[in-house]
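Using this note's numbering, the letters of the sequence shown correspond one by one to residues 42 to 413.
This report concerns only the one structure given below.
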Amino acid sequence: MLSIKKPTLLLDETKCKNNIQRLVEKATKYDLRLRPHFKTHQSIAIGEWFRSAGIASITVSSLKMATYFAKNGWADITIAFPFYAQQIEGINQLASEIDLNVAIVNPESLKVLKEKLDYAIGVYIKIDVGTHRTGLRPEDDEVITQTIQEIFRNPMLIFKGFMGHAGHSYRARGEEEINKVHQEGLEILQQVKATYIEKLSLHDEPLEISLGDTPGFSVAENFPEVDEVRPGNLAFYDVMQTQIGSCDFDQIAVAMACPVVAKHADRHEIIIHGGAVHFSKDYILDGEGNKNFGQVVNLREDGWSDPIPDMQVVRLSQEHGVIKTSPEAFDTFQIGDVLGVLPIHSCLTADAMKSYTTFDGRVLDHLEGQVV
């Protein structure tokens, strides 16, 4: 067993590579360009596992992240977070070095690009397919029409097509609900594309549909007219994804290793060094409406067990985690032991921890642990 002295994010390299291989095989099966979202792992080392699997195009969620990966040989990057005016200097620098795509969600941001862009970039119009976070609404005909026309008026802007992210799939429970969200989002993008090809006589333009979200890509088996997919979380998966129905527990590729620091027999609670600064405060609700901040597992030399029944993290403060157990499970761990916790949201846990430790003791990079 690794010598764990503090909260440590463990990475199962085999599971992660298997997850990557599955997504590559599925994209190949449906003839989809795979542009995985690297915001989950944010790691040059893990990015090389994707590259070894044949991936050449990636998605990121920030200019900082795009710069990090561009400096390490990634030359085809989409920033899926909407472009905003304060990014223009960095966008110009990056666009001078790589093939860069951005997402537009309003005319104001497009105006900045038109006036201040020095190098050609690809532009996707992001459409709200039901998440109601960002994106032009499908019914915003006048705005979408004007946005497309303005893009074509500027030779520095290359209109790539329409992008959607069905983030509301995270509220789904089970394959039927996931498929419903996926199908609805797909139909919205298909309709938008068809409408503006016809309205603006764009039949000769190679306009694309780019679709994101891990639940939809994990479960769905229909991708008509989709050119590109951008899943990210499925490199690691997490407890939230098991509740949604995207994966099984044995596909989760990361776990927190946390020292046990106290026990309270009267409350059947175990206290660990592992709090909100390590996990984030994302949680799911169990069947009885109780908050679950992480699922406890036994750590082994080369991995971890299935989740231990009746044992989950129920409260987090800054450094402390409180695990509630059944009377029968209370003696599973003693003070001084190190236990494992499967994270609720692996993207945020990885961002908080800033590095990964493999079973052979290697420490892998994370963007937030670097000086960029």
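Ideal Cβ placement from N, Cα and C applies to all residues, glycine included.
By the criterion of a C-beta distance shorter than 6 Å, Asn339 is surrounded in its chain by Ser346, once the five residues flanking it on both sides are discounted.
Per the DSSP secondary-structure output, Pro300 pairs in a beta bridge with Val379. Beta-bridge partners assigned by DSSP to Lys365: Glu310, Gln353. Under the 10 Å beta carbon count, Val404 is surrounded by fewer than 16 other beta carbons and is classified as exposed. A distance below 7 Å separates the beta carbons of Thr399 and Glu54.
Between Ala294 and Phe277, the C-beta spacing is below 7 Å. Excluding five sequence positions before and after Pro300, the CB atoms of its chain that fall closer than 6 Å to its own CB belong to His314, Val379, given in chain order. Taking a cut-off of 8 Å for Cβ pairs, the region 203-223 and the region 155-171 touch, as three or more such pairs fall below it. The beta carbon of Phe334 lies closer than 8 Å to those of Phe320, Lys322, Asp323, Tyr324, Gln353, Val354, Val355, Arg356, Leu357, Gly362, Ile385 in the same chain, with the five residues before and after it left out. For Met204, the secondary structure class from DSSP, reduced to helix, strand or coil, is strand. Asn220: member of the alpha helix (DSSP H) spanning 216-240, first to last residue. When rounded, the separation of the alpha-carbon atoms in Glu218 and Tyr160 is 42 Å.
The Cβ neighbour count for Thr119, taken over all protein chains shown within 10 Å, is at least 16; the residue is labelled buried. Judged by DSSP secondary structure, Ile45 falls outside any beta strand (DSSP E); it is assigned neither H nor E. Collapsing the DSSP output to three states places Leu73 in coil. The C-beta distance from Val153 to Ala111 rounds to 21 Å, too long to meet the 8 Å contact threshold. Under the three-pair Cβ rule at 8 Å, the region 267-276 does not count as touching the region 137-150. Residue pairing from DSSP places Asn333 in a beta bridge opposite Ile325. In the structure shown, the three-state DSSP call for Tyr165 is strand. For Phe400, no alpha helix (DSSP H) run applies, since DSSP gives it neither H nor E. Between the region 178-185 and the region 243-252 there are fewer than three inter-stretch CB-CB distances shorter than 8 Å, so the stretches are not counted as touching.
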